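Trainee:
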Amino acid sequence: MTGQAVGRAPRSGPPAPRLRAAPLASVVPARALGFIVVAGAVLGALNLGVDGVLRPGFGRAVYAALMVMLVVIGIYFLTLAQLSYRAVALLIAYGNAVYVVVALTTVNAHLYAGPLMLLLALTAGASFLEARGFVVQLLVVPPICWVGLSNSELTGRALMIQVVVQSGVLILAALLVYGLRMRSERLLRETELLSTTDPLTGLANRRAVEIEAERLWQEVADERLLLAAFVLDLDSFKVLNDSHGHAAGDEALRRVSRAIRESAGEESIVARIGGEEILVLHRVASLPELLLLGERLRRAVSDGPLPHPMTASIGVATSATPDAGAAVEGLWRLVDAADMAMYVAKREGGNRVATAGERDLAP
512 MTGQAVGRAP RSGPPAPRLR AAPLASVVPA RALGFIVVAG AVLGALNLGV DGVLRPGFGR
572 AVYAALMVML VVIGIYFLTL AQLSYRAVAL LIAYGNAVYV VVALTTVNAH LYAGPLMLLL
632 ALTAGASFLE ARGFVVQLLV VPPICWVGLS NSELTGRALM IQVVVQSGVL ILAALLVYGL
692 RMRSERLLRE TELLSTTDPL TGLANRRAVE IEAERLWQEV ADERLLLAAF VLDLDSFKVL
752 NDSHGHAAGD EALRRVSRAI RESAGEESIV ARIGGEEILV LHRVASLPEL LLLGERLRRA
812 VSDGPLPHPM TASIGVATSA TPDAGAAVEG LWRLVDAADM AMYVAKREGG NRVATAGERD
872 LAP
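Take 512 as the starting number for the sequence shown in our numbering and just add one per residue.
#1: Do three or more CB pairs link the region 820 to 827 to the region 736 to 745 at distances below 8 Å?
#2: Report buried or exposed for Ile784, applying the criterion of at least 16 other Cβ atoms within 10 angstroms of its Cβ.
#3: In terms of residue numbering, what span does the alpha helix (DSSP H) encompassing Val618 cover?
#4: Are the beta-carbon atoms belonging to Val613 and Ala604 less than 7 Å from one another?
#5: Buried or exposed: where does Val731 fall if 16 or more other Cβ atoms within 10 Å of its Cβ makes it buried?
#6: Could you check if Leu687 is buried or exposed, using at least 16 other CB atoms within 10 Å of its CB as the buried criterion?
#7: If you follow the beta strand (DSSP E) that Thr702 is part of, which residue opens it and which one closes it?
#8: Going by alpha carbons, who is nearest to Pro710 out of Ala550, Glu762 and Tyr610?
#9: Smallest Cα separation from Leu631: which of Leu681, Ile584 and Cys656?
#10: Can you tell me the Cα-Cα spacing of Gly805 and Asp850, whole angstroms?
#11: Check the DSSP bridge columns for Thr866 and list the partner residues they point to.
#12: Starting from Glu788, trace the alpha helix (DSSP H) both ways and give me its first and last residue.
#13: Does the contact criterion of 3 or more C-beta pairs under 8 Å hold for the region 746 to 762 versus the region 691 to 699?
#14: Please state whether DSSP places Pro534 in a helix, a strand or coil.
#15: Can you tell me which of the three DSSP states Ile784 falls into?
#16: Just curious, the beta strand (DSSP E) that Asp753 is in, first and last residue?
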């Protein structure tokens, strides 16, 4: 390996967008649930002003206390920066318990506290719970409906039919919401994959590299390693395109990308950042490890199963920190240094690896 990189303006790139956050990692769901809970408590409190709905005495006091508690819980959710699955699960469990108590404190649950009151808890579960928690929630719907409707004029066969009908409608509605959620999340994952993948080679693209920048720098800092950037540029690629056509060039680029990805290993990030320019980011601890990986990448191209002979010029740069500036800018400065070293390798005849300096590397 030979060559010393010279200074160059940092490679410019688009701002670093972030991948989709987890479904609960937002203030919007927390505030939406909080508002709905408070609104439900206010609406439920209207029953306190109507005669003949609630059981007098202790039942009425319990009902009032539940409405106050719901307001407190709703206000708590309004103050959350983001939801947690635990908070949602507890809210759903409390909602189920509230329905049972409300049904038992009304004079006739069939008239004044129908199972439709469970719709909020079921919708929240369908929107936020994982599959196992959602299944558990669906399983408890029929017994909860039975407990609630048992405090009514319904008995025997009529009670059982109403339990089946009411719980069935609620479960079907929840399954519909859950199905729509799964479809939306699948489409979102596919969109994210398309936005971070090079369509020709299947490698990561520049956006994907920028998304990983902060994590990469944090990992090398935590493990006291160095981040190595390998920039590979295919030698005489234009000649291949001119001689055999762009279809042959595209196929060669796909095969080279596959060979480099396999050679780099699962811990590396491999991305296409230019026409025939491929970036490999890898954490290294020593100079021998750096040299070994660089040579392995070179041989992956020169000795690979390609329809036409192909070689690559490779530039390497390493750093332990992003230096001045943010993680993304620091990463592109590192890539920029490796890019200059790659041109050194190309000027020296190609099919070789050149470094931008071995600073901080252990011998």
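Where a beta carbon is used, it is the ideal one built from N, C-alpha and C, also for glycine. The structure displayed is predicted, hence computed values, not measured ones.
Mentor: In short, the structure shows the following:
#1: yes
#2: As a first step, residue 784 must be located in the sequence shown, where it is residue number 273. That one is buried.
#3: Looking up residue 618 in the sequence shown gives position 107. Segment: none, Val618 is in no alpha helix (DSSP H) and carries neither H nor E.
#4: On the sequence shown, residue 613 is found 102 positions in, with the first residue counted as 1. On the sequence shown, residue 604 is found 93 positions in, with the first residue counted as 1. No. Outside cutoff.
#5: On the sequence shown, position 220 is the one that residue 731 refers to. With 16 or more other Cβ atoms within 10 Å, it is buried.
#6: Your numbering for residue 687 matches position 176 in the sequence shown. So Leu687 counts as exposed.
#7: Counting from one through the sequence shown, the residue named residue 702 turns up at place 191. Counting along the chain, Thr702 falls outside any beta strand (DSSP E), though it belongs to the alpha helix (DSSP H) covering Gly667 to Ser706.
#8: For this step, residue 710 is matched to residue 199 along the sequence shown. Pro710 has its Cα closest to that of Glu762, out of Ala550, Glu762 and Tyr610.
#9: On the sequence shown, residue 631 is found 120 positions in, with the first residue counted as 1. The option with the nearest alpha carbon to Leu631 is Leu681.
#10: Position 294 of the sequence shown, counted from the start, is the residue given in the question as residue 805. Position 339 of the sequence shown, counted from the start, is the residue given in the question as residue 850. Rounded to the nearest angstrom, the two C-alpha atoms are 14 Å apart.
#11: As a first step, residue 866 must be located in the sequence shown, where it is residue number 355. Its beta-bridge partners are Val827.
#12: Taking the first residue of the sequence shown as 1, we reach residue 788 at position 277. No alpha helix (DSSP H) holds Glu788; the beta strand (DSSP E) holding it covers Glu788 to Val795.
#13: no
#14: Here residue 534 refers to the residue found at position 23 when the sequence shown is read from its first residue. Note that Pro534 has pLDDT 49, beneath the 50 cutoff, so the model's placement of it is unreliable and the number below is only indicative. In this structure, Pro534 counts as coil in the three-state DSSP scheme.
#15: In the sequence shown, counting from the first residue as 1, residue 784 sits at position 273. Of the three classes helix, strand and coil, the one that applies to Ile784 here is coil, per DSSP.
#16: Stepping through the sequence shown from its first residue, residue 753 is reached at position 242. Per DSSP, Asp753 belongs to no beta strand (DSSP E); it is in the alpha helix (DSSP H), Phe748 to His755.
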